[in-house]
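Protein chains in written order, with our numbering: chain A, 1 to 384; chain B, 1 to 262.
Data block below; observations after.
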């Protein structure tokens with residue numbers, strides 16, 4: 001049994017849906033239809049598989065961590081999404097959506113980005129397929145991720161700075177949606193996570209299921225079965241849903257790790273923003289709170305609706321870690337295994353490190369969703 | 001609710017007299033004198049007044065209303081505070097609230113609908129709540145006698161328009177262009193087109209808003225519909241510190257232009 005499909009209305013239990021201005025409803029319906037058709041079309045699937053293999057470098061390996069495993073007293077396996085082209089799992093989803101956009105006759109890709117990884121991946125796909133690309137990024141993130149801003153521009157994308165609100169990922173999404181409301185006829189909104197209006201949470205999950213499918217097979221080979229724990233960081237939640245998808249039908253515990261300053265599942269209550277109903281950090285009147293995290297990629301007060309559903313049903317649980325624990329974990333993996341992780345997956349490792357006693361003797365599969373090159377300038381400041 | 005409510009009656013009455021309706025938008029909680037602005041706008045000839053309850057993430061709004069939202073929220077405005085203030089007003093024309101769905105969702109749909117009714121608010125517009133998602137809210141609103149006004153957009157296919165008009169109460173809000181709220185130099189041709197398309201399928205009053213920012217544009221688009229919603233132009237006056245009289249004088253300009261033309 002895999003993750004369940006949403007209802008025709010795009011619901012996962014009470015979560016999900018399609019809460020967008022009327023202007024965008026027809027576009028969401030067209031994307032839903034086009035995606036359903038494309039996914040059943042062998043030619044589309046073959047083209048996507050070809051790009052994932054020959055362009056993005058899939059399958060990504062699973063790496064054993066002998067030194068760190070010994071230090072933590074458990075068996076740690078890393079799913080190496082950091083080794084993908086463009087440096088993170090984001091490329092899996094973007095290649096799928098960019099091919100879909102082209103199939104739908106759209107000429108312009110529109111995206112939001114937090115840490116810049118989704119923006120870079122979208123700019124990459126646009127360059128590859130000869131499409132225009134416009135990426136919205138909060139002013140705070142533009143400052144702390146300037147290398148990725150440069151990368152996007154190098155790839156031919158236009159990067160627009162979102163100046164409203166908290167000037168981070170939430171506001172980049174607001175600006176991207178406002179752009180889409182005005183340009184919906186020729187632009188395709190390439191959303192970066194398992195969030196937004198139906199069919200995005202379902203479609204992005206489907207494109208990210210490749211992580212879990214590969215990892216399940218790799219774990220069978222390495223462990224002769226499934227790991228005791230599968231963990232991943234959660235902002236919107238696309239890398240986590242991707243790896244969870246391979247293990248939801250097994251005995252493995254599924255653990256999503258949120259930043260303490262953006263713990264939508266941990267501290268939120270149900271709400272509706274950016275197109276779907278889900279757990280949301282908000283005040284008593286329904287105003288969305290500003291997340292605060294060291295990681296631009298997880299600096300988001302909401303979470304994908306399917307994670308809210310998995311939390312509500314108890315199939316997955318959601319923990320949070322502090323920025324200080326993340327900084328420790330970032331250094332720990334670099335030092336012990338020669339792998340510099342992105343700050344986002346460093347959250348999952350921070351949780352494993354903190355919980356080493358309760359996890360002792362067990363096996364843990366961690367989705368290393370991205371590499372840390374983009375974070376070294378920020379870490380240099382923090383550590384100096 | 002059974003039969004037309006106060007909003008629909010007021011707009012039908014205007015139409016039956018051969019006139020065109022004017023619905024200005026005032027951001028709740030923007031400045032200490034915002035309730036005086038509501039009163040002055042009513043006196044200047046509004047048929048219905050839209051009151052914006054600010055939301056932190058208004059994806060359908062352009063820079064002017066975003067700025068108004070931010071200022072109002074920074075000044076401490078809350079949904080109950082704004083509704084309390086409205087409850088103390090008697091402006092002689094129906095009021096409708098415009099906000100985003102999470103504000104209603106957070107308070108609880110029944111409680112929010114009852115709060116609107118208790119504050120003397122007759123209708124409600126939630127721009128991020130499209131037809132398919134409107135059921136639970138519309139039911140709560142119906143039970144409290146609050147008119148749920150739905151939007152139709154230039155992208156809405158013809159076969160979807162009748163269902164929107166059928167479920168809408170008060171009036172049908174035609175979105176004048178592809179884009180967010182804000183004043184534009186020219187009236188988009190899509191504004192006239194959406195009014196015509198809606199008029200072809202409904203007897204309910206059809207008002208056009210989004211991108212209707214000058215009296216001339218209001219006159220032009222009203223040739224095809226029953227009137228206009230004017231948001232950003234009015235709110236810009238509030239942001240500029242024009243005060244109740246300054247805002248009212250702009251509304252009076254719109255009123256005069258519509259009355260002269262029709």
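For each residue, glycine too, the CB sits at the ideal point set by N, CA and C.
Just confirm the distance between the C-beta atoms of residue 116 of chain B and residue 144 of chain B, as a whole number of angstroms; I'd bet it's less than 8 Å. 7 Å
Please decide whether residue 47 of chain B counts as near chain A, where near means a Cβ-Cβ distance under 9 Å. no
Applying the 10 Å Cβ sphere with the 16-neighbour rule, what's the burial state of residue 174 of chain B? buried
Do the segment 173-189 of chain A and the segment 67-86 of chain A touch if we need at least three Cβ pairs shorter than 8 Å? no
Straight-line gap, residue 26 of chain A to residue 157 of chain B (C-alpha atoms, nearest Å): 8 Å
CB contact below 9 Å: residue 410 of chain A versus chain B: Missing from the structure shown is residue 410 of chain A; chain A here goes from 1 to 384 and no further.
Against chain B, with Cβ distances strictly below 9 Å, would residue 18 of chain A count as a contact? yes
For residue 182 of chain B, which three-state DSSP category applies? coil
Sheet register partners of residue 27 of chain B (DSSP bridge): B:52
If I measure Cβ to Cβ from residue 85 of chain A and keep anything under 8 Å in the same chain, skipping five residues before and after, which residues do I get? 55, 56, 57, 91, 124
At least one CB of chain A closer than 9 Å to the CB of residue 92 of chain B: is that the case? no
Which partner residues does residue 341 of chain A have in the DSSP bridge list? A:371
What does residue 149 of chain B pair with, by DSSP beta-bridge criteria? B:125
DSSP three-state call for residue 101 of chain B: helix, strand or coil? helix
Contact criterion: CB-CB distance below 9 Å. Does residue 183 of chain A meet it with respect to chain B? yes
With a cut-off of 8 Å, do at least 3 Cβ pairs link the segment 341-360 of chain A to the segment 282-289 of chain A? no
Quick one: Cα of residue 63 of chain A to Cα of residue 222 of chain A, how far? 10 Å
Who are residue 64 of chain A's beta bridge partners in DSSP? A:77
Residue ranges of each alpha helix (DSSP H) run of no fewer than 4 residues wholly in the segment 148-187 of chain A, ordered along the chain? 169-183
Looking at residue 127 of chain A: is its Cβ nearer than 9 Å to the Cβ of residue 156 of chain A? yes
Who are the neighbours of residue 174 of chain A on chain B, taking C-beta pairs under 7 Å? 57, 59
Is it buried or exposed for residue 294 of chain A, if we count other Cβ within 10 angstroms and need 16 for buried? buried
To the nearest angstrom, how far is it from the Cα of residue 334 of chain A to the Cα of residue 205 of chain A? 29 Å
Looking at C-alpha atoms only, which residue of B:37, B:29, B:38, B:33 is the closest neighbour of residue 55 of chain B? B:29
Do you know whose CA, among B:260, B:261, B:244, lies nearest residue 44 of chain B's CA? B:244
Using the C-alpha atoms, what's the distance from residue 37 of chain A back to residue 400 of chain A? The requested residue 400 of chain A does not occur in the structure, where chain A is confined to residues 1 to 384.
Three-state class that DSSP yields for residue 131 of chain A in the structure shown: coil
For residue 281 of chain A, does the three-state DSSP call read helix, strand or coil? coil
Among the residues of its own chain, which have a CB less than 7 Å from the CB of residue 2 of chain A, if the five just before and after it don't count? 245, 248, 249
Run of the alpha helix (DSSP H) containing residue 132 of chain B, from where it starts to where it stops: It is not in any alpha helix (DSSP H) - residue 132 of chain B carries neither H nor E in the DSSP assignment.
Cut-off 7 Å between Cβ atoms - residues of its own chain near residue 138 of chain B, not counting five sequence neighbours on either side: 148, 167
With a threshold of 16 other CB atoms inside 10 Å of the CB of residue 150 of chain A, please say whether the residue is buried or exposed. exposed
Three-state secondary structure (DSSP) of residue 28 of chain A: helix
Whole angstroms is fine: what's the gap from residue 220 of chain A's alpha carbon to residue 227 of chain A's? 9 Å
Using a Cβ-Cβ cut-off of 7 Å (strictly less than) and excluding sequence neighbours within five positions of residue 189 of chain A, which residues of its own chain qualify? 110, 176, 180
Quick check: the Cα distance between residue 103 of chain A and residue 142 of chain A, rounded to an integer number of angstroms? 31 Å
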